[in-house]
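Beneath this line is the structure, given in structure tokens, with notes to follow.
Numbering (the numbering used here), first residue to last: 1280 to 1492.
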């Protein structure tokens, strides 16, 4: 996170908000599964296997679709080159539209898998000049780095970069609150807002790409 300039750090927070928002939709709609937080699904897979419960199959399917999305997003991003971020976000927007249409057609679990695929793709959106990619759908590593930098600050090393990691986590958590509140009120509205947010982030990324010489 700290290797990116301010504009891309802000965009990363926006994408984290989108990831939290969509993850909350998936969690509510699937009654307890995640579409962007694969650590949680891995635990559900393991517990499901131990109990001989069908939850293992559901969790495993979501994980497989998510990883496929990461692969697809990485390939798309590599091919897009300097337009990586807006192109990946455009793909995410289109995938969310497809998921919304599936939800309207009452294909609930297929729509959930569509959300997971989109969240896999979105992880390829931001890549630094050194090839470092910002993972925007999982926060364990972000929180660990934040804690380490807080420890540096407490030792008097003047490391204030923990605030960047806090912003990323807060974005995802805040997006999840908004997503949960919205989907509990109106699922179609929640899907629509997720699409609008992804499209807005894509437009912002396109503008940023055009400003880069």
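No residue lacks a Cβ here, since even glycine has one placed at the ideal position from N, Cα and C.
A Cβ-Cβ contact shorter than 8 Å links residue 1375 with residue 1397. The beta carbon of residue 1387 is closer than 7 Å to those of 1308 in its chain, skipping five residues each way along the sequence. Residue 1344 has its alpha-carbon roughly 30 Å from the corresponding atom of residue 1286. The alpha carbon of residue 1313 has as its nearest neighbour, out of 1378, 1481, 1453, 1338, the alpha carbon of 1338.
For residue 1483, the uninterrupted alpha helix (DSSP H) run begins and ends at 1466 to 1490, by DSSP.
At the C-beta level, residue 1335 and residue 1328 come within 8 Å of one another. Taking a contact to require three or more Cβ pairs closer than 8 Å, the segment 1477 to 1490 and the segment 1315 to 1333 do not qualify as touching. Comparing C-alpha distances from residue 1466 to each of 1311, 1303, 1365 shows the shortest one belongs to 1303.
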